[in-house]
Amino acid sequence: MPSRPGYSSTVAMDKVYLPRGSLGELYQALVDEGYEVIGPQEQQDAIVFAPLSGIEQLPWGRQEFTAPGQYRLDNASEQRAFHWNTGPQSFKPWLFKPQQVMWLGQETDDGIVFKAPVSDAKPRAFIGVRSCDIAALYLQDQHFMHGPHPDPWYSEQRRQLCIVAVNCSRAADTCFCVSTGDGPEATYGYDLLLDELDDGYLVQAKGERGNRILATLPTQGATPLQQRHAEEQLARAARQSRQMPDADTLKSLVEHLSDEQWLRIAERCLACGNCTSVCPTCFCSKQEAEQDLVSGEHQQVRVWDSCFSEQHGHIAGKNIRGEVSQRYRQWVLHKLATWQDQYQRSGCVGCGRCISWCPAAIDLVEEVNLMLGSRHD
Amino acid sequence: MTDFVPMTARLVAKTAEGDRLDTLHLKLNSDQPFGFEFGQFNMLAIPGIGEIPISIMGWQDDCLLHTVRGVGRVSDAMLALPEGSTLGLRGPFGNGWPLARFEGRDLVFITAGLGCAPVVAAINHAVTHRNRYRRIVILQGVKHHQDLLWQAKYDAWRDMGDCQVLLAASEEQKRKYHWRLGMVTELLAFAEFDPSHCAVMICGPEIMMLSAIPYLKQRQVADGDIYLSMERNFQCGQGLCGHCQLGPYFVCRDGPVFCYPDVKPWLGVKGF
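Protein chains in written order, with my numbering: chain U, 59 to 435; chain A, 167 to 438.
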């Protein structure tokens, strides 16, 4: 089997084959299990996760072309549903919402009454999730669910999640999941896992729920040839030009606090926060108070924040991160180095979104390699 | 303990402490016991205006004491609330001073700036339980003497047995009785305590902490006997919102009180 150092496929022998014409039955099985099905589709020239009314909505025959500062959809050479790698967002916005009401405060004759908002969590199944985004999900789980103050809104949706993952069959120019150890093959965190072939899917289930759904599908045994195709395309997806240094090397970034390269990056960085918005592991939020003068019911709302924002380092009357170079350093040192102390691994899963969606085309991997003086290509 | 949705507290009294500075006396509407440590903080909320972290200054007549300085939209609104108003309160959050661990030792308090409530709360506790601790040394620095809050408290502490109060004014021209001119850290030369059997609690700007530490080292105070109360942007109190991330910590959750060696690499680094 073709492979490269640092990557070896574990494509299992217990995969079965689902003909392409039966993909709709997988969709229906999820609906029958009571899930709202969320899947990739093309909206406003990007692949986004949105409620799926049927498999015809999937981005058939479309793929993205990415480069630093670039993301463009075009026709793919193959008529597949999952020939793309990433859209601007993982499924993070469905769990850690861009806006979340924290509490409501109602003015009454007896003073103020506080209450919790109604949750809109429900059983949701996501189709087309990639291994990098599953790794990101597990990091967000650590942050939002496994700390001393579990976030109730995240947790409630997380517990009702069904994941149909897809192994990547190709890698975008900005992908570097092999170097972070997070792909291109999904090895955990899914209920069902697909390998997309030209005429159908290899399907594998994990857990009771995944196996129950799989049992309802008209599958056949997978032929050795089909399995070989799946292995070959996984190996193709593992050929990636960018490489993030390993976790221990990344830890040494903390020795580069006064590196002049932070200043050179800051000359290009617009501090727009796009990188943190598209990052599937970034979790910063700020709180805003919204008044309703008519009803007297006010809301405290949590909205996504970014360590690139001017207010992020604000403490009564002073800003501890006034300079853009300090904010970029804050992001990188936390994400790649001190994150490891907090979550036992780096906060980067190699999805490459921050590279494609940076309007100044700053390439995180290149900058980090430059700073650490190690080129891996 | 309330995590995400505030409980209600009634503003039963306000004590004016200085210019745009009041102590709020808050009575919780719940009968549940409210356990806390000095050095911890609560998130106080006014619906439609916002929520801010305020450290716990004390507990008196079944009321939580919170000293609030008007420095922004929410704190200004809080000072404008009439007595009898209802506020939201979440907390307590973070780790306070491990005062029980300090029993039997000399206590050294170093603070600078206007009304460092976390330290004043700890001093009040030590004074109330005077026999649990040995000598108490209080070092306070301000810009001008009239900036000193709780002047009467300092006078009372000075008159107590085995308690030394040293005050410094950094921007005064003329010396006043009981005062020295200069920085609070310069007072350390006059502080009388047993360096091998003490706990030092520091609250104030990081630059002050950084200049106090070499003096303490000269006196051969062990790093592990130095505790710092750190200030960052706290918006959730739960280690979730990310603003107060410092090295391996979220200051709101893992602090705000830290043992010095734990935060040493990050202390005073510009931009963190």
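Every residue, glycine too, gets a C-beta built ideally from N, C-alpha and C.
Since this is a predicted model, take the numbers as computed values, not measurements.
key: Simplified DSSP state of V178(A), which is helix, strand or coil   = What you label residue 178(A) is simply residue 12 of the second sequence in a count that begins at 1. The answer is strand: DSSP assigns V178(A) an E or B state.
task = Taking only the alpha-carbon atoms, compute the straight-line gap between M173(A) and Q388(U) and give it to the nearest angstrom.
result = Mapped onto the second sequence, residue 173(A) falls at position 7. Mapped onto the first sequence, residue 388(U) falls at position 330. Taking the straight line joining both Cα atoms gives about 34 angstroms.
One or two residues paired with C425(A) in a DSSP bridge = Numbered from its first residue, the second sequence carries residue 425(A) at position 259. Paired residue(s): Y393(A).
query = Which ranges would you report for the alpha helix (DSSP H) in the segment 295 to 343 of chain A if only whole runs of at least 4 residues count?
reply = 317 to 324
ask   = Where does the unbroken beta strand (DSSP E) through S343(U) begin, and where does it stop?
value = Along the first sequence, read from residue 1 onward, the residue named residue 343(U) stands at position 285. Element bounds for S343(U): 343 to 348.
message = I need the DSSP call for V95(U), collapsed to helix, strand or coil.
response = Here the question's residue 95(U) lines up with position 37 in the first sequence. V95(U) falls in the strand class under three-state DSSP.
key: the segment 349 to 363 of chain A in contact with the segment 372 to 387 of chain A per 3-pair CB rule at 8 angstroms   = yes
ask   = Taking the continuous alpha helix (DSSP H) assigned at A273(U), which residues delimit it?
value = Here residue 273(U) is taken as the residue at index 215 of the first sequence, counted from 1. A273(U) -> alpha helix (DSSP H) spans 265 to 273.
inquiry  = Against chain U, with Cβ distances strictly below 7 angstroms, would H191(A) count as a contact?
reply    = Locating residue 191(A) in the second sequence gives position 25, where the first residue counts as 1. With 7 angstroms as the cut-off, H191(A) does not count as an interface residue toward chain U.
request  = Mark A230(U) as exposed unless 16 or more other C-beta atoms lie within 10 angstroms of its C-beta, in which case mark it buried.
outcome  = Indexing the first sequence from 1 puts residue 230(U) at position 172. By the 10 Å Cβ count, A230(U) comes out buried.
ask   = Which of the three DSSP states, helix, strand or coil, is assigned to N290(A)?
value = By one-based count along the second sequence, residue 290(A) stands at place 124. The three-state secondary structure of N290(A), taken from DSSP, is helix.
ask   = Pick from K73(U), L76(U), A87(U), R385(U): whose alpha carbon is nearest that of R270(U)?
value = Here residue 270(U) is taken as the residue at index 212 of the first sequence, counted from 1. That would be A87(U), whose Cα lies nearest to the Cα of R270(U).
Cβ-based contacts, 9 angstroms cut-off: residues of the segment 107 to 130 of chain U near chain A = none
ask   = So, T189(A) versus L231(A), is the Cβ gap smaller than 7 angstroms?
value = Here residue 189(A) refers to the residue found at position 23 when the second sequence is read from its first residue. Here residue 231(A) refers to the residue found at position 65 when the second sequence is read from its first residue. Yes. Within cutoff.
ask   = For chain A, is any of its Cβ atoms less than 7 angstroms away from the one on K150(U)?
value = Against the first sequence, residue 150(U) aligns to sequence position 92. Closer than 7 angstroms: no.
request  = Express the C-alpha separation of C340(U) and Q369(U) in angstroms, rounding to a whole number.
outcome  = As a working note, residue 369(U) is residue 311 in the first sequence. As a working note, residue 340(U) is residue 282 in the first sequence. Distance between the alpha carbons of Q369(U) and C340(U): 17 angstroms.
ask   = Does DSSP put K193(A) in a helix, in a strand, or in coil?
value = For the purposes of this step, residue 193(A) is identified with residue 27 of the second sequence, where counting begins at 1. When secondary structure is reduced to three states using DSSP, K193(A) falls in the strand class.
ask   = Does P156(U) come within less than 7 angstroms of chain A when only Cβ atoms are used?
value = On the first sequence, residue 156(U) is found 98 positions in, with the first residue counted as 1. Not an interface residue.
Neighbouring residues, chain A, relative to P314(U) (Cβ below 7 angstroms) = In the first sequence, residue 314(U) corresponds to position 256, counting from 1. The question names Pro, yet the displayed sequence has His at residue 314(U). For H314(U), none of the residues of chain A pass the 7 angstroms Cβ criterion, the least Cβ distance being about 12 angstroms.
message = Please state whether the Cβ-Cβ distance between T396(U) and G408(A) is less than 7 angstroms.
response = Walking along the first sequence from the start, residue 396(U) turns up at place 338. Walking along the second sequence from the start, residue 408(A) turns up at place 242. No, they are not a contact pair.
query = With which residues is F416(A) paired in a DSSP beta bridge?
reply = In the second sequence, the residue the question calls residue 416(A) occupies position 250. Under DSSP, the beta-bridge partners assigned to F416(A) are Q411(A).
inquiry  = Against D169(A), what residues of chain U qualify as contacts under a CB-to-CB distance less than 7 angstroms, listed in chain order?
reply    = Taking the first residue of the second sequence as 1, we reach residue 169(A) at position 3. H207, listed in chain order.
request  = Quick one: measure Cβ to Cβ for C410(A) and F259(A), integer angstroms, because I've assumed they're closer than 8 angstroms.
outcome  = Position 244 of the second sequence holds residue 410(A). Position 93 of the second sequence holds residue 259(A). Actually they are not in contact, since the Cβ atoms of C410(A) and F259(A) sit about 11 angstroms apart, beyond 8 angstroms.
key: Segments of 3+ residues assigned as beta strand (DSSP E) that fall wholly inside the segment 340 to 372 of chain A   = 345 to 347, 364 to 369
query = Hey, how far is the Cα of D257(U) from the Cα of R78(U)?
reply = Sequence index remark: in the first sequence, residue 257(U) carries index 199 (1-based). Sequence index remark: in the first sequence, residue 78(U) carries index 20 (1-based). Going from the Cα of D257(U) to the Cα of R78(U) covers about 5 angstroms.
request  = Give a yes or no on whether the minimum CB-CB distance between G64(U) and chain A is below 7 angstroms.
outcome  = For the purposes of this step, residue 64(U) is identified with residue 6 of the first sequence, where counting begins at 1. For G64(U), the pLDDT reaches just 43, beneath the cut-off of 50, and the residue's location in the model is therefore unreliable, leaving the point undetermined.
request  = Measuring alpha carbon to alpha carbon, tell me which of D167(U), C327(U), W161(U) ends up nearest K173(U).
outcome  = By one-based count along the first sequence, residue 173(U) stands at place 115. Minimum Cα distance to K173(U) is reached at W161(U).
inquiry  = At a CB distance below 9 angstroms, what residues from the segment 333 to 353 of chain U approach chain A? Give them in sequence order.
reply    = C340, F341, C342, S343, K344, Q345, E346, A347, E348, Q349, D350, L351
ask   = Tell me the DSSP bridge mates of H442(U)?
value = Residue 442(U) cannot be examined here, being either before or after the span of chain U that is shown, 59 to 435.
key: Per-residue burial, T334(U) [other beta carbons within 10 Å of its own, 16 or more giving buried]   = What you label residue 334(U) is simply residue 276 of the first sequence in a count that begins at 1. With 16 or more other Cβ atoms within 10 Å, it is buried.
message = Mapping the DSSP letters down to three states, classify D188(A) as helix, strand or coil.
response = The residue given as residue 188(A) occupies position 22 in the second sequence. Residue state, collapsed to three classes: strand.
message = Against M160(U), what residues of chain A qualify as contacts under a CB-to-CB distance less than 7 angstroms, listed in chain order?
response = Counting from one through the first sequence, the residue named residue 160(U) turns up at place 102. What M160(U) touches in chain A: F170.
request  = Can you check DSSP and say which residues form a bridge with Y75(U)?
outcome  = On the first sequence, position 17 is the one that residue 75(U) refers to. The partner list for Y75(U) (beta bridge, DSSP) reads L260(U), Q278(U).
query = What are the boundary residues of the beta strand (DSSP E) that N208(A) is part of?
reply = The sequence position of residue 208(A) within the second sequence is 42, counting from 1. Here the beta strand (DSSP E) through N208(A) covers 207 to 212.
Enclosing beta strand (DSSP E) for R120(U) [first to last residue] = Taking the first residue of the first sequence as 1, we reach residue 120(U) at position 62. Counting along the chain, R120(U) sits inside the beta strand (DSSP E) bounded by residues 120 to 125.
task = To the nearest angstrom, report how far apart D253(U) and R267(U) are at their CA atoms.
result = For this step, residue 253(U) is matched to residue 195 along the first sequence. For this step, residue 267(U) is matched to residue 209 along the first sequence. Rounded to whole angstroms, D253(U) to R267(U) spans 19 angstroms at the Cα level.
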